[in-house]
Amino acid sequence: MLTSVLVVAAWVLQRWTQPLTYFAAAAERLGTDIHSPPLSENGPLEVRTAAKAFNRMQDRVRRLVEDRIALAAAIAHDLGTPITRLRLRAEEIGDAEIREPILQDLQQMRRMVSATLGFARLDFTAEPTEMLDVMSLVQRVADDLSDAGAEVAVNGPKRLPVRSKPVAVQRALTNIVENAVKYGNRARINVTERAGGVEITVDDEGPGIPEALQAEIFEPFRRLPHSTGEATEGTGLGLTVARSLIRGLGGDITVANRAAGGLRVTISLPSFGETHLREWAAQIS
């Protein structure tokens, strides 16, 4: 009798807790893909009510993100016209000492607007996850930069397969390694397998960054002074984009000064598991 009661109790408990597992999986998936399919609104009344609320929330989040992306893209696009007019007028200035600094500032503004437009259009959520060899991807990034004259070394296992989004990972890593080469002369990439994913460190031989300023390097358009005391060139969006991509993949990026000198950027990248939300209806119906 007791055994029968326990079996029934276990079945009831499993039936009522299983939906929580799929709610948790759906929430995790929403964090990396705002276009993920809605939950099936089947099952007991309480589950249907919760699923409907979750789907409404997901739709609001999606529309909010899309509206903000569209607004940022529109602003960046509209700024291009007045910048062009200013450049044409500046080119008519006869005094080169006045004209050239103005043209340089306008060129920098154009680069920033172009970078902002690209950032606003960044949509890593549309890329499907797939199995990829991290080592091959890292080596490809290193080879591309080496072909351009950079000094990049790679260390890690021969193969390291994970499930992720290759285009997003490659773009983030490229931004980070380019930054290391630009400000730290050369880059050393080390790849290590971790539980549930992979860790990639990028070391440079530059001056490092004061600890109080390290969080600022991820802020949009933030360009820290170089060792000369002058602001470095660039739009200040490379690391912002990299962190957005990696966080969108469920990982993170941190920075720290190395004891031997230079800066270390650490990428923690999880391996996506398969979220079978299609089983939702079968489990709770």
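Residue numbers (the working numbering): 60 to 344. Note that CB positions come from ideal geometry on N, CA and C, so glycine has one too.
Beta-carbon proximity list for residue i, same chain, < 6 Å, skipping 5 on both sides
i	result
Gly288	Note that Gly288 scores a pLDDT of 44, beneath 50, so its modelled location is shaky; the value from the coordinates is reported in the next line. Within the same chain, Gly288 has no close Cβ partners at all.
Arg222	Thr188, Met190, Ser330 and Phe331
Asp263	Ala239, Gly243, Ala246, Gly321 and Leu322
Glu210	Arg245
Thr108	none
Ala201	Val211 and Val213
Ile152	Arg158
Beta-carbon proximity of residue i to residue j, cut-off 8 Å
i	j	result
Asn234	Leu298	yes
Ile248	Val261	yes
Gly243	Gly321	yes
Glu278	Thr325	no
Ile142	Leu165	yes
Leu204	Glu237	yes
Own chain residues within Cβ distance below 8 Å of residue i, not counting five before or after
i	result
Lys111	Glu100
Pro216	Met194, Val250 and Glu252
Pro220	Met190, Leu191, Asp192 and Val193
Val197	Val213, Gly215, Leu232, Ile248, Val250 and Ile259
Gly256	Val221, Gly310, Ser327, Leu328, Pro329 and Ser330
Glu150	Arg158 and Leu162
Per DSSP, the bridge partner or partners of residue i
i	result
Ser327	Glu258 and Asp311
Glu189	Ser223
Asn316	Leu322
Asp164	Paired residues: none, contrary to the question.
Asp263	Ala246
Run of the beta strand (DSSP E) containing residue i, from where it starts to where it stops
i	result
Arg122	Where Arg122 is concerned, there is no enclosing beta strand (DSSP E), although the alpha helix (DSSP H) it sits in stretches over Leu104 to Ala149.
Ala246	Arg245 to Arg253
Ala212	Glu210 to Asn214
Cβ-heavy atom distance, residue i to the ligand ZN, below 7 Å
i	result
Ala231	Absence of the ligand ZN is noted for the structure shown, with no ligands found whatsoever.
First through last residue of the alpha helix (DSSP H) which encompasses residue i
i	result
Asp202	Val193 to Asp206
Cβ neighbours of residue i in the same chain (closer than 7 Å, five flanking residues each side left out)
i	result
Ala301	Ala231, Asn234, Ile235 and Ile312
Pro97	Asn114 and Gln117
Ser286	Residue placement at Ser286 is flagged as unreliable, the pLDDT there being 45, under the threshold of 50; the coordinate-derived value follows with that caveat. Same-chain partners within the cutoff: Pro266.
Gly139	Val172
Glu186	Lys224, Val226 and Ala227
Arg218	Asp192 and Met194
Any C-beta of chain D under 8 Å from that of residue i
i	result
Asn214	Absent here is chain D; the protein component of the structure consists of one chain.
Flag this pair as touching only if the stretch 265-280 and the stretch 307-323 have three or more C-beta atom pairs under 8 Å; answer yes or no.
-> Result yes; three or more Cβ-Cβ pairs closer than 8 Å.
Do the stretch 305-314 and the stretch 211-231 make contact, defined as three or more Cβ pairs closer than 8 Å?
-> They touch, by the three-pair rule.
Contact the stretch 140-150 vs the stretch 158-177: 3+ CB pairs below 8 Å | Contact between the stretch 140-150 and the stretch 158-177 is present, because at least three Cβ pairs lie under 8 Å.
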